[in-house]
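Keeping their order, the protein sequence lines are chains A and B. Under the numbering used here, think of the first position of the first sequence as 1, with each following residue one higher. Under the numbering used here, think of the first position of the second sequence as 1001, with each following residue one higher. For glycine and all other residues, C-beta sits at the position ideal for the given N, C-alpha and C.
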Amino acid sequence: MDTFILIGITGIGLGALYFLVASGLSLIYGLMGVLNFAHGSFLTVGAFVGWWIAGKLGPDTSMIDFIIAMFVGGLAAGLFALLIEQLLITRLYDRHIDQALVTVGVSLVVGALLGGWFGNDLIMFPTPMWFLTAVNVGGAMIPADRIVYIATAIMLLIGNWILLKYTRIGLIIRAGVENRNMVNALGINVRRAFSTVFFLGGFAAGVGGVLVSVYSNGVSPLIAGSYLIYGFIVVVIGGMGSVPGSFLAAMMIGVIRQFANYYVTGLGDFVVVILLAGVLLIRPQGLLGKVRA
Amino acid sequence: MLRWKYSRPLLGLLLVVLAIAPLFTNNPLGKPGLQQTMAVAFVWGALALTYDLLFGFTGLLSFGHALYFATGVYVSCILINHDVVSWWLAALIAIAVSAILAFLVGAASLRTTGITFAMVTLAFGEAGHVIVNRNFFNLTGGENGIALNAENVPQIWIGVFNTKYIYWLALAALIFTYAVIWWVTESSAGKVFSALRDNEQRVQVLGLNTQHFKLLAFVISAALAAMLGFVMLIAAGSAAPRFAESGVTIALLLMVVIGGAVTRWGAVLGGIFYSFASTRMQDLTQQESFKSIPEWIGGPIAEPALLLGLIFILIVMFSPGGLSGAYYRLRLKAITRKSS
Chain A
1 MDTFILIGIT GIGLGALYFL VASGLSLIYG LMGVLNFAHG SFLTVGAFVG
51 WWIAGKLGPD TSMIDFIIAM FVGGLAAGLF ALLIEQLLIT RLYDRHIDQA
101 LVTVGVSLVV GALLGGWFGN DLIMFPTPMW FLTAVNVGGA MIPADRIVYI
151 ATAIMLLIGN WILLKYTRIG LIIRAGVENR NMVNALGINV RRAFSTVFFL
201 GGFAAGVGGV LVSVYSNGVS PLIAGSYLIY GFIVVVIGGM GSVPGSFLAA
251 MMIGVIRQFA NYYVTGLGDF VVVILLAGVL LIRPQGLLGK VRA
Chain B
1001 MLRWKYSRPL LGLLLVVLAI APLFTNNPLG KPGLQQTMAV AFVWGALALT
1051 YDLLFGFTGL LSFGHALYFA TGVYVSCILI NHDVVSWWLA ALIAIAVSAI
1101 LAFLVGAASL RTTGITFAMV TLAFGEAGHV IVNRNFFNLT GGENGIALNA
1151 ENVPQIWIGV FNTKYIYWLA LAALIFTYAV IWWVTESSAG KVFSALRDNE
1201 QRVQVLGLNT QHFKLLAFVI SAALAAMLGF VMLIAAGSAA PRFAESGVTI
1251 ALLLMVVIGG AVTRWGAVLG GIFYSFASTR MQDLTQQESF KSIPEWIGGP
1301 IAEPALLLGL IFILIVMFSP GGLSGAYYRL RLKAITRKSS
C-alpha cells in the first residue's frame, strides 16, 4: 500500500510538471493554431533565470528565496515569450506552418546560446533543505518536492480558471478558442488576447522550468526535451484549447507512466504512446476537446 | 521556362567531376577527410530529398521521419553483425521492414491532419528513440549504440584508404534517390500528391481515395530513408541512438526549408550545406585565431545550431521558398525584364 501511494503521488507530481508545460501549449494552439516548438526554450529560459536568482539570494536557499526565484523565472520566461510573439509570430499571421517552423528555429538558437554560455552539463540548482525531507502521507514517505510540484500546478489551474472565467480578457480568450473569426467580426481585437496567452503560457513554462530543474537535479539547456514532447502528447489527449483537459490528461499520463515503469522498466513511454494512438482512434478531438467547425 | 538552358549540362559536368575527383590525389577530394565529410553530406542531401517528398510535395508535416532512417541503420546493422544474411540482403530486409512499419504507423496517424499529424508522428518517432535506448534483448546496445562488424561487409568499405569507395557509395545513393523521387513526383501519382497538398477536398471530389495516396507517399519516403540508413551505417561504421532522435527530423526540416521545398535540387543542396556546415564549423572553432574571440560570443558560435537556426528563421520570415525559391524568383524577374 505504501509503495502504491508513493508511486501514485510521484506520478501526480510528474503530471503536474507536464501540466505546467501543456497548459500554455494548449491555449496557444487552441487560440492561434500555433504549434509552439519554442515552448521548450521558454522552460529553459525560466530555469536559467530562476537558477541565477536563487544563486544571488544567498548560499542557503530558504523557501521564500525559492518561491521568489520561481516567480522571477516565470516572469522572465513570460516576457521572453511575449518578445517572440511580437517579433516573429505576429508577422506570420495565419501562416500556421511557417509559425511552427519559426518556433523550431527559436528553440535551436536559444539552445545554442545557453549551451555556448553555460555548457550542456547539469549545473546544480540550489534548493531549500526542506525539499530533501520526506512527508508522511497515509504511511508512505513522500519526497517533499513532489508536494511543491502538485501545489504549484493546482494554484496555476485555479489562477487560470479565475482568469478565464471572471475577467474580460479571459472571456475574449475563451470566445477566441471557440471561434476566432466571430470575435474579430464583433469588433474585438483578438491580438491582445494572443499576447496575453503567450505571456501566460511562457510564465507557466518558466515556473515549470524551475521545478523541472529541481526534479532533474540541475539546470541545462537540454532539460526541456522530453517535457516538450510529453506536453504535446498531453495537449492531444486532453483536447486542444482545454486547460482542464490538459490537467486531466497530464495527471493521467504521469500516474500511468509511473506505474508502468514500476512494473516493467521502460514500459511507461510505450504505454503513453499506445494511449495516444487509442485516444486518436476513438476520440480524435481529445478527452475534453470540442470538434472544430 | 524558369530553368536555365545550361543547367542540365552543367549538372552533368559537376557530377562527373565529383565522381572522378577522388581518383586523383592532387585535389581536396583526393583526401580521405573530405571524402568522409562529403559522403555523410551526400546521405543527408538524399535524406532531405525523401523528406521533401512528404513535406514539400505532399504537404505532410511529419516529425517522425527519423524513425524510418533509424530502422534502416539498426535493422541492417543487427542482421549484418549477427551474420544472419549477407549485407545486401540485410539492406533489402531493412528497407522492407521500414516500409511495413511506415504502412502501419501511417495508417494510424494519417487519420489526423495538419498540426495534429505533426504531433502524432513526433510521438511515434520518439517511441522509436526510446526503443533503441532501452536495449531490448541486448540488440541495440542502448545509449552507446552498436559498432558494425567489419568482417561481414565487403572489405572495400573498410579502412581509411578505402574512404573513396564509401564516398562513391554515398554519391550513387544520392543519384539513385534523386532519380526515384524525380520519377515519383513526375508520375501521375506524384501529381495527385501535389494536388493533395494544394486542395485535399478537391481531390476527394474527383473520386480519389486521398488516404491511399498519402500512405503511398509516406511508405515510399520511408523505404528510401531506410536505404539511406544502410549507407549511413557503412559511412559512420556504427548504429547510434542519435540517428533515431527527433532532432534528425528537425534537421531535415531545416535542410528542406533552407534549400527550398518542391524544387528537388533545393532540398539536396540544403542537406549538403547543412551537414557540411555543421561538421566544418566545429573544426573552424578549434583553430588558434578563434581563441581570441571573447568567450561570451565564441561559446555560442561554436554551436552550429546558432547560425543554422538564425539562417532558418530569416529564410522562413523573408524568403519562404528557400534558396532555390529565391533563385527562381530572380530568374523570373530577369526573364520578364528581357521580354518587356
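Neighbour list for residue i in chain A, Cβ cutoff strictly below 8 Å
| i | result |
| --- | --- |
| B/Ile1313 | Leu88, Val102, Gly105, Val106 and Val109 |
| B/Arg1111 | Leu280, Leu281 and Pro284 |
| B/Leu1306 | Leu108, Val109, Ala112, Leu113 and Gly116 |
Cross-strand partners of residue i (DSSP beta bridge)
| i | result |
| --- | --- |
| A/Ala134 | A/Pro143 |
| B/Ala1147 | B/Ser1238 |
| A/Phe123 | Note on identity: in this sequence residue 123 of chain A is Ile, with Phe being the wrong assignment. In the DSSP output, where bridge partners are listed per residue, A/Ile123 has A/Val219. |
Contact list for residue i against chain A, beta-carbon separation under 7 Å
| i | result |
| --- | --- |
| B/Phe1124 | Val273 |
| B/Trp1296 | Trp117 |
| B/Gly1309 | Gly105, Leu108, Val109 and Ala112 |
| B/Ala1302 | Gly116 |
| B/Gly1299 | Gly116 and Trp117 |
| B/Val1257 | Leu101 |
Distance CB(residue i)-CB(residue j) smaller than 8 Å
| i | j | result |
| --- | --- | --- |
| B/Ala1021 | B/Gly1030 | yes |
| A/Val45 | A/Gly206 | yes |
| A/Ile9 | A/Ile158 | no |
| B/Phe1124 | B/Val1105 | yes |
| B/His1129 | B/Leu1252 | no |
| A/Ala38 | A/Gly50 | no |
| B/Ser1109 | B/Gly1229 | no |
| B/Leu1208 | B/Val1192 | yes |
| B/Ala1267 | B/Met1255 | yes |
| A/Ile319 | A/Val272 | This structure does not reach residue 319 of chain A, given that chain A is present from 1 up to 293, and the question cannot be answered. |
| B/Ala1118 | B/Ser1194 | no |
| B/Val1085 | B/Leu1233 | no |
| A/Val214 | A/Asp145 | yes |
| A/Leu27 | A/Val243 | yes |
| B/Val1257 | B/Val1316 | yes |
| A/Gly289 | A/Gly245 | yes |
| A/Ile229 | A/Gly13 | no |
| A/Ile172 | A/Ile162 | no |
| A/Gly209 | A/Ala100 | no |
| B/Leu1238 | B/Leu1148 | Per the sequence presented here, residue 1238 of chain B reads as Ser, with Leu not at that position. Yes. |
Distance between beta carbons of residue j and residue i, contact taken as under 8 Å
| i | j | result |
| --- | --- | --- |
| A/Gly238 | A/Ala224 | Not quite, the Cβ-Cβ distance comes to about 20 Å (not below 8 Å), so this is no contact. |
| A/Ala81 | A/Gly201 | 6 Å |
| B/Gly1325 | B/Gly1271 | B/Gly1325 to B/Gly1271, Cβ: 16 Å. No contact. |
| B/Phe1042 | B/Ala1225 | That pair is no contact at about 14 Å. |
| A/Val212 | A/Leu43 | 7 Å |
| A/Leu368 | A/Pro221 | Any answer about residue 368 of chain A is impossible in this case: the structure gives chain A only from 1 up to 293. |
| B/Ala1277 | B/Leu1308 | 7 Å |
| B/Val1262 | B/Gly1056 | 4 Å |
| A/Val236 | A/Gly278 | With a Cβ gap of about 12 Å, A/Val236 and A/Gly278 do not count as contacting. |
Buried/exposed call for residue i, threshold 16 Cβ in 10 Å
| i | result |
| --- | --- |
| B/Arg1287 | Inspection of the sequence shows that residue 1287 of chain B is occupied by Gln rather than by Arg. Exposed. |
| A/Leu35 | buried |
| B/Glu1303 | buried |
| B/Asn1144 | exposed |
| A/Leu25 | buried |
| A/Ala293 | For A/Ala293, the pLDDT reaches just 38, beneath the cut-off of 50, and the residue's location in the model is therefore unreliable, leaving the point undetermined. |
| B/Trp1004 | exposed |
| B/Ala1096 | exposed |
| B/Lys1333 | exposed |
| A/Gln258 | buried |
| B/Phe1161 | exposed |
| A/Asn120 | exposed |
| B/Leu1010 | exposed |
| A/Trp117 | exposed |
| B/Gln1204 | exposed |
| A/Pro128 | buried |
Partners in chain B for residue i, counting only beta-carbon separations shorter than 7 Å
| i | result |
| --- | --- |
| A/Ile97 | Leu1061 |
| A/Ile233 | Ala1123 |
Closer than 7 Å: residue i CB and nearest the ligand NAP heavy atom
| i | result |
| --- | --- |
| A/Ala47 | Among the ligands in the structure shown, none appear at all, so the ligand NAP cannot be discussed. |
Closer than 9 Å at the beta carbon, the chain B residues around residue i
| i | result |
| --- | --- |
| A/Val236 | Thr1112, Thr1116, Met1119, Val1120 and Ala1123 |
| A/Ile150 | Residues of chain B passing the Cβ test: none, with the nearest at roughly 25 Å. |
Contacts that residue i makes with chain B (C-beta to C-beta distance below 8 Å)
| i | result |
| --- | --- |
| A/Arg91 | Met1317 |
| A/Ile84 | The contacting residues do not exist; A/Ile84 stays about 10 Å from chain B at best. |
| A/Ala250 | Neighbours of A/Ala250 on chain B: none; closest Cβ ~15 Å, over 8 Å. |
| A/Asp269 | Glu1126, Ala1127 and Val1130 |
| A/Leu276 | Val1120 and Ala1123 |
| A/Leu35 | Ile1115, Ala1118 and Met1119 |
| A/Ile229 | Leu1122, Ala1123, Glu1126 and Ser1246 |
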